[in-house]
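J.:
Here it is in structure tokens:
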């Protein structure tokens, strides 16, 4: 997948983040307050009083080539009213829902994807800012249902995208890219509600920025020379996220949701669940628990909700198993594996005991928490050693700081998957220490948070 393709895939998740939440029914309270991310309202509704705004501002750093062309793709959703009407004599009347055969239809706001493309030569942008106005015509479509009809309606939208480049001071070159995006729709309605204004808004608006030569720099981990320029960048209601790499790339996503660099869609995901920060397995299992009546209501709410319910209902067990977890850190070190079981075999090597899961400490014969030791201040600390707790040396949280100076007995020395060592202790003046030891409940500290009592204080 190229960086541009990855940017579009992540952008799709941004577009539909929170679009329709479990249990995917229009009647659910959480689905009656919609469109929270990247909403650019018409100017007539935007104000500090409403907490809604009509514009966004993006700044990021770019090292262009000698003849760089910049591609700016604006992507957003437009609310589309889907109005259910049943026949009433020679006319129609609007209803909340209508059943036609075995299918139910619900009055609901759908969404239509919109894209606006801008292509600019870097040389032109250095000479002055370029403004690209755009508009989306309103539309009305009628679908005949026999006993009624569906009326789908969108409103006209207008906006501007203004793009410019400024050369950075200093000997290293580079430019600062600025993109201003504004909803300029002229709609106005005194006393309008947010729900009315949303039909004239850009929803989940974001930018996919890419260059045919040169590269963007990370805003999180820029090179040393670029850090002052990054700190001077101003981003309003968006955050530039590097796509395809953690340091420099040909693509950048100006996202209304703050993300780390190089985000990607998990390959195990079977499809959109409208909650990119959730765990697919949890939402899939919860969707499976919906009653048939609840599934019927979800299908009636939105075609995208219908697709989710149908996909979950027909999901084979092997696809559901894929959602249960994947070991990734080994791949980052050893490279991609063609054999899906290779990581598991590496974890469960020949020293593992039969029929014991790899995460059990007993599966690795080289680990023995009860007898292992760690050297602190030149003294080997192991099970039974007396230590004084010094958690304040690592700016511990408030609860641990109350333990400063107390004497404890080490019960085990442990290692995490990165090889870092920790000691498990019980407090000597705790009357429940023996009971905690029996149940394996300890307090954990790193070696630099303890002081062996053999050391002169």
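Residue numbers (the numbering used here): 1392 to 1848. Beta carbons: idealized from backbone N, C-alpha and C, even for Gly.
1) Please classify residue 1405: is it buried, with 16 or more other beta-carbons within 10 angstroms of its beta-carbon, or exposed?
2) Considering only residues of the same chain and omitting the five flanking positions on each side of residue 1428, which have a CB-CB separation below 6 Å?
3) Which complete alpha helix (DSSP H) runs does the region 1560-1621 hold, if anything under 4 residues is left out?
4) Going by alpha carbons, who is nearest to residue 1474 out of 1586, 1540 and 1403?
5) Closest to residue 1799 by CA distance: which of 1834, 1666 and 1817 is it?
6) Write down the C-beta distance between residue 1385 and residue 1592 rounded to the nearest angstrom, noting that I regard them as a contact closer than 8 Å.
7) What three-state label does DSSP hand residue 1399 in the structure shown?
8) Take residue 1435 and list the residues in its own chain whose beta-carbon comes closer than 7 Å to its own, dropping the five residues that flank it on each side.
9) Report the partner residues of residue 1505 according to the DSSP bridge assignment.
10) Grab the span of the alpha helix (DSSP H) containing residue 1842 for me, first residue to last.
11) Under the three-state reduction of DSSP, which class applies to residue 1500: helix, strand or coil?
12) Give me the DSSP bridge partner(s) of residue 1680.
13) Is it the case that the Cβ atoms of residue 1837 and residue 1809 are separated by a distance below 9 Å?
14) Quick one: residues in its chain with C-beta nearer than 7 Å to the C-beta of residue 1510, no 5 flanking neighbours on either side, listed in chain order?
15) Under the assumption that residue 1861 contacts residue 1557 (Cβ atoms under 8 Å), give the Cβ distance between them as a whole number of angstroms.
16) Report the three-state DSSP secondary structure of residue 1482 (helix, strand or coil).
17) In whole angstroms, give me the CA-to-CA distance for residue 1845 and residue 1770.
18) Quick check: the region 1448-1457 against the region 1557-1577, are there 3 or more CB pairs under 8 Å?
19) Could you tell me how far apart the beta carbons of residue 1418 and residue 1790 are, in whole angstroms, since I believe they sit closer than 8 Å?
20) I'd like to know whether the C-beta atoms of residue 1654 and residue 1632 end up nearer to each other than 9 Å.
21) For residue 1604, which residues from the same chain have a beta carbon less than 6 Å from its beta carbon, with the 5 sequence-adjacent residues on both sides left out?
22) Would you kindly check if the distance between the Cβ of residue 1414 and the Cβ of residue 1676 is under 9 Å?
23) Roughly how many angstroms lie between the CA atoms of residue 1394 and residue 1671, to the nearest whole one?
24) Would residue 1602 and residue 1610 be called neighbours here (beta carbons separated by less than 9 Å)?
25) Which term fits residue 1485, buried or exposed, when burial requires 16 or more other beta carbons within 10 angstroms of its beta carbon?
26) Identify which residue in 1559, 1666, 1590 and 1493 has its Cα closest to the Cα of residue 1618.
27) Residue 1481: which of 1537, 1820, 1690 and 1674 sits nearest, CA to CA?
28) Which two residues bound the contiguous beta strand (DSSP E) that contains residue 1455?
29) Among residues of its own chain, excluding the 5 on either side of residue 1740, which ones have a beta-carbon nearer than 7 Å to its beta-carbon?
T.: Reading it off the structure:
1) By the neighbour-count rule (16 or more Cβ atoms within 10 Å), residue 1405 is buried.
2) Around residue 1428, the same chain offers 1408, 1595, 1647 and 1648 as residues with beta carbons nearer than 6 Å, after the five sequence neighbours per side are excluded.
3) Taking only runs of at least 4 residues, the alpha helix (DSSP H) segments lying wholly in the region 1560-1621 are 1585-1588.
4) It is 1540.
5) Selected option, being the one with the closest Cα: 1817.
6) Only positions 1392 to 1848 of the chain appear in the structure, and residue 1385 is not among them; the question remains open.
7) The answer is helix: DSSP assigns residue 1399 an H, G or I state.
8) The residues are 1578 and 1579.
9) Among the bridge pairs identified by DSSP, residue 1505 is matched with 1467.
10) Counting along the chain, residue 1842 falls outside any alpha helix (DSSP H), though it belongs to the beta strand (DSSP E) covering 1841-1843.
11) Look at residue 1500 here: in three-state DSSP terms it is strand.
12) Beta-bridge pairing links residue 1680 to no other residue.
13) No, they are not a contact pair.
14) The residues 1460 and 1462, in chain order, have a CB closer than 7 Å to that of residue 1510 in the same chain once the five nearest residues on each side in sequence are set aside.
15) The chain is shown from 1392 up to 1848; residue 1861 falls before or after that span and cannot be answered.
16) In the structure shown, residue 1482 sits in a strand (DSSP, three-state: E or B).
17) About 8 Å.
18) With a cut-off of 8 Å on Cβ pairs, the region 1448-1457 is in contact with the region 1557-1577, counting three or more such pairs.
19) Cβ atoms of residue 1418 and residue 1790 stay farther apart than 8 Å, at about 43 Å.
20) A contact, by the Cβ cut-off of 9 Å.
21) Cβ neighbours of residue 1604 beyond the five flanking positions: 1456 and 1459.
22) In this structure, residue 1414 does not lie closer than 9 Å to residue 1676 by Cβ.
23) Cα-Cα distance, rounded: 24 Å.
24) For the pair residue 1602 and residue 1610, the CB atoms are not nearer than the 9 Å cut-off.
25) Around the beta carbon of residue 1485, a 10 Å sphere encloses fewer than 16 other beta carbons of the protein chains shown; the residue is thus reported as exposed.
26) Taking the Cα of residue 1618 as reference, the smallest distance to any Cα among 1559, 1666, 1590 and 1493 is reached at 1559.
27) Residue 1537 holds the alpha-carbon nearest to the alpha-carbon of residue 1481 among 1537, 1820, 1690 and 1674.
28) Annotation for residue 1455: the continuous beta strand (DSSP E) segment containing it runs 1446-1455.
29) Confidence at residue 1740 is low in this model, with a pLDDT of 43, below 50, so the placement of that residue is unreliable and no value is reported for it.
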